[in-house]
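**Student:** Residues in the sequence shown are numbered consecutively from 26, following our numbering. Just so it is clear, CB atoms sit at the ideal spot from N, CA and C, and this is done for glycine as well. Small disclaimer: the values here were computed from a predicted structure and weren't measured.
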Amino acid sequence: MNGGVNGVALAVFIFFFVAVTVMGFLAARWRAAENANNLDEWGLGGRSFGTWITWFLLGGDLYTAYTFVAVPAAIYATGAAGFFAVPYTILVYPLIFTFLPRLWSVSHKHGYVTTSDFVRGRFGSKGLSLAVAITGILATMPYIALQLVGIQAVLDVMGVGGGENTNWFIKDLPLLIAFGVLAAYTYSSGLRAPALIAFVKDTLIYIVIAVAIIYIPIKLGGFDDIFSAANDKFTKAGAGGLAPAAEGQWAYGTLALGSALALFMYPHSITATLSSRSREVIRRNTTILPLYSLMLGLLALLGFMAIAAGVTVENGQLAIPQLFEDMFPDWFTGVAFAAIGIGALVPAAIMSIAAANLFTRNIYKDFLRPNATAEEETKVSKLVSLLVKVGALIFVLGMDKTVAINFQLLGGIWILQTFPALVGGLFTRWFHRWALLAGWAVGMVYGTWKAYDTPSGTQKHFGNTADMPGIGEIGYIGLTAFVLNVVVTVVLTLILRAVKAPDGVDETSSADYKADAGDPGVQPDLPPATAGAPGGH
């Protein structure tokens with residue numbers, strides 16, 4: 026780092042930050058309904074977004090600032106093993122094509138806002154619904170924290186906040202300001218704010234990557250020199266070169282598969298999905314979202330470029346911001362930093378809304394205030410979205426950054442354990458609710474214990490790969506826990522069905538899973554102003 030403030034880059038960064046802040050507040054008037062005091066409006070944008078809005082929203086939701094920073098940072102630190110993020114985002118889209126349209130249909134038919142709403146309605150179990158809700162909230166919190174880490178990374182490289190010896194308040198003031206702005210426009214505009222800002226965020230990211238993939242290799246002598254420099258680094262480090270060693274291939278494959286299974290279990294992924302106006306919008310998006318995977322593959326190459334450029338940082342998360350500052354003109358460095366900063370605001374907003382909706386619908390209303398009105402639900406969700414962001418901020422400011430990363434990895438193990446209840450429930454009612462709850466508990470306990478017992482690259486605990494029982498290979502802990510979860514669920518279901526244990530009431534019907542907008546009975550609770558709101562074409 027240069028040691029001083031990069032004034033030009035900071036000015037460009039502030040320009041874009043102010044622009045999206047204004048957009049965030051104006052979003053409250055964008056396609057506003059006559060009655061905005063319900064979660065369909067504040068938490069799901071009126072369930073009215075068309076193909077392109079949904080595409081930008083899901084892209085802004087899934088490809089975050091942390092993705093922008095961490096994926097190439099993993100390549101910078103470990104070589105080609107870090108590319109597991111690319112195949113898993115390829116695997117996920119055929120997978121979600123099979124179940125997301127069904128989830129959209131049944132959710133719109135019954136007015137479900139969260140995955141826990143569906144689980145409760147499908148299996149007639151508030152206990153199972155509560156387990157899914159708590160898991161979603163726990164998995165989301167460190168994810169929000171890592172978006173703030175992404176903002177902090179670009180601020181550090183720009184020299185904002187002073188050095189390590191600076192007063193803590195002055196040092197963290199820029200992050201506090203960014204947090205305050207994010208909290209204010211999310212509270213005011215709900216999901217409409219990140220939906221509108223996502224256009225700017227994704228456009229900037231595509232521009233930055235397009236320029237980087239052409240401009241930086243020209244300055245470094247071409248891709249031959251880039252790959253040669255990276256190969257030399259990993260060969261000297263005893264890693265055997267760019268490709269992972271044979272013993273790491275199971276870890277690579279199981280990480281990719283487990284991550285693909287987990288991605289759309291996260292509450293924010295489902296929140297963005299349920300905001301769509303029709304079943305067909307979801308199906309279209311599963312075919313065009315892979316464009317982001319192409320972008321991600323190019324983004325990952327920046328890790329090799331950082332090696333070839335001689336970037337040396339103590340914190341690997343700073344490698345790509347530092348590469349941009351070293352290689353780009355100051356004004357374009359500001360554009361790149363703005364892309365990362367705004368790339369944090371969009372998913373952080375959606376994640377906080379999703380976590381708040383889970384608390385409001387599946388904890389507050391189900392257990393504390395069963396008679397809560399739609400207006401009361403909205404007020405509670407707005408307040409909880411603020412508390413979630415405050416918790417994430419405290420997490421970032423009060424703990425080591427590697428702890429936030431490790432807890433996010435643990436969150437991936439946790440959220441995968443909701444797969445049998447959610448995806449299984451979309452296709453069959455055979456699983457018994459008590460068996461699903463027991464399978465979830467076994468997966469959670471095993472995954473947490475095994476992760477705690479496994480060293481990571483930076484600490485003694487919270488690794489995400491370990492020996493797979495019965496196979497003798499190193500693999501993803503979350504996938505092993507998932508397999509145990511499924512085995513327990515199947516075995517207990519057989520036993521509980523045999524003894525005729527009481528089953529919950531299923532409030533859904535087979536026709537609900539194919540319902541579309543405009544069908545009789547779909548979206549019964551939406552006010553007329555939103556039921557026919559225009560889409561995003």
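#1: May I ask which residues mark the beginning and end of the alpha helix (DSSP H) holding Gly464?
#2: Take Asn62 and list the residues in its own chain whose beta-carbon comes closer than 7 Å to its own, dropping the five residues that flank it on each side.
#3: Between Val513 and Gly472, what straight-line distance do the alpha-carbon atoms span, to the nearest angstrom?
#4: Hey, would you say Phe444 sits closer than 7 Å to Thr518, going by beta carbons?
#5: Spatial neighbours of Ala52 within its chain, please: C-beta separation below 6 Å, excluding the five flanking residues on both sides.
#6: Give a yes or no on contact between the segment 107–124 and the segment 336–352, applying the rule of three or more CB pairs nearer than 8 Å.
#7: Going by other Cβ atoms of all chains shown within 10 Å of its Cβ, with 16 needed for buried, is Gly49 buried or exposed?
#8: In the structure shown, what three-state DSSP assignment does Tyr317 receive?
#9: Please classify Leu461: is it buried, with 16 or more other beta-carbons within 10 angstroms of its beta-carbon, or exposed?
#10: Along the chain, where does the beta strand (DSSP E) containing Ala106 start, and where does it finish?
#11: Are the CB atoms of Gln433 and Pro167 nearer to each other than 7 Å?
#12: Please list, in chain order, all residues of the same chain as Ala223 whose beta carbon is under 6 Å from its beta carbon, the five residues on each side excluded.
#13: Lys475 and Ile502 - do their beta-carbons sit closer together than 7 Å?
#14: Are Ala170 and Ala374 touching if we call contact CB-CB under 7 Å?
#15: Could you pull out every unbroken beta strand (DSSP E) segment of at least 3 residues lying fully inside the segment 318–362, listed in chain order?
#16: Classify Gly500 as helix, strand or coil using the three-state DSSP reduction.
#17: Start and end of the beta strand (DSSP E) containing Thr490?
#18: Taking the alpha carbon of Ser130 as the point to measure from, which residue in Phe392, Ser303 and Leu173 has its own alpha carbon closest?
#19: DSSP has Pro480 in a bridge; who is on the other side?
#20: Report the rounded CA-to-CA distance for Leu564 versus Phe204, giving the unit in angstroms.
#21: Answer with buried or exposed for Ala281, where buried requires no fewer than 16 other C-beta atoms within 10 angstroms of its C-beta.
#22: Which class does Ser377 belong to by DSSP, given the choice of helix, strand or coil?
#23: Beta-carbon within less than 6 Å of Lys226's beta-carbon, same chain only, minus the 5 sequence neighbours each way: which residues are those?
#24: From Tyr113, Leu451, Ala344 and Ala361, pick the residue whose C-alpha is nearest to that of Ser535; which is it?
#25: Under 8 Å: do the segment 230–246 and the segment 68–82 share three or more Cβ pairs, one atom per stretch?
#26: In the structure shown, what three-state DSSP assignment does Phe252 receive?
#27: What does the alpha-carbon distance come out to for the pair Gly560 and Thr76?
#28: In the segment 229–297, which residue ranges form an unbroken alpha helix (DSSP H) of at least 4 residues, counting only runs that do not cross its ends?
#29: Looking at the secondary structure, which residues open and close the alpha helix (DSSP H) in which Phe40 lies?
#30: Buried or exposed for Lys525, going by 16 or more other Cβ atoms inside 10 Å?
#31: Give a yes or no on contact between the segment 384–395 and the segment 302–318, applying the rule of three or more CB pairs nearer than 8 Å.
#32: Excluding five sequence neighbours on each side, which residues of the same chain lie with their C-beta closer than 7 Å to the C-beta of Ile115?
#33: Taking its Cβ as the centre, do 16 or more other Cβ atoms sit within 10 Å of Thr453, making it buried, or is it exposed?
#34: Would DSSP call Ser301 helix, strand or coil?
#35: Per the DSSP calculation, Phe74 is bridged to which residue(s)?
#36: Thinking C-beta only, is Ser301 closer than 7 Å to Thr79?
**Tutor:** On the basis of the coordinates in this document:
#1: Arg458 to Tyr477
#2: Ala399, Glu400 and Thr403
#3: 14 Å
#4: no
#5: Ser214, Arg217, Ala218 and Leu221
#6: no
#7: buried
#8: helix
#9: buried
#10: Note, Ala106: premise wrong, no beta strand (DSSP E); not H, not E.
#11: In this structure, Gln433 sits near Pro167, with a CB-CB distance shorter than 7 Å.
#12: Phe81, Leu82, Gly85 and Val371
#13: yes
#14: no
#15: none
#16: strand
#17: Thr490 to Asp492 is the extent of the beta strand (DSSP E) around Thr490.
#18: Ser303
#19: Bridge pairing for Pro480: Phe487 [DSSP].
#20: The requested residue 564 does not occur in the structure, where the chain is confined to residues 26 to 562.
#21: buried
#22: helix
#23: Gly85, Ile367, Gly368 and Val371
#24: Leu451
#25: no
#26: helix
#27: At Gly560, the pLDDT of 36 sits below 50, so the modelled position is not reliable and the matter cannot be decided from this model.
#28: Segments of the alpha helix (DSSP H) lying fully in the segment 229–297: 248–261 and 274–288.
#29: Per DSSP, Phe40 is one residue of the alpha helix (DSSP H) stretching across Gly32 to Leu51.
#30: exposed
#31: no
#32: Pro315 and Ser318
#33: exposed
#34: strand
#35: Ser301
#36: Note that the C-beta distance between Thr79 and Ser301 is below 7 Å.
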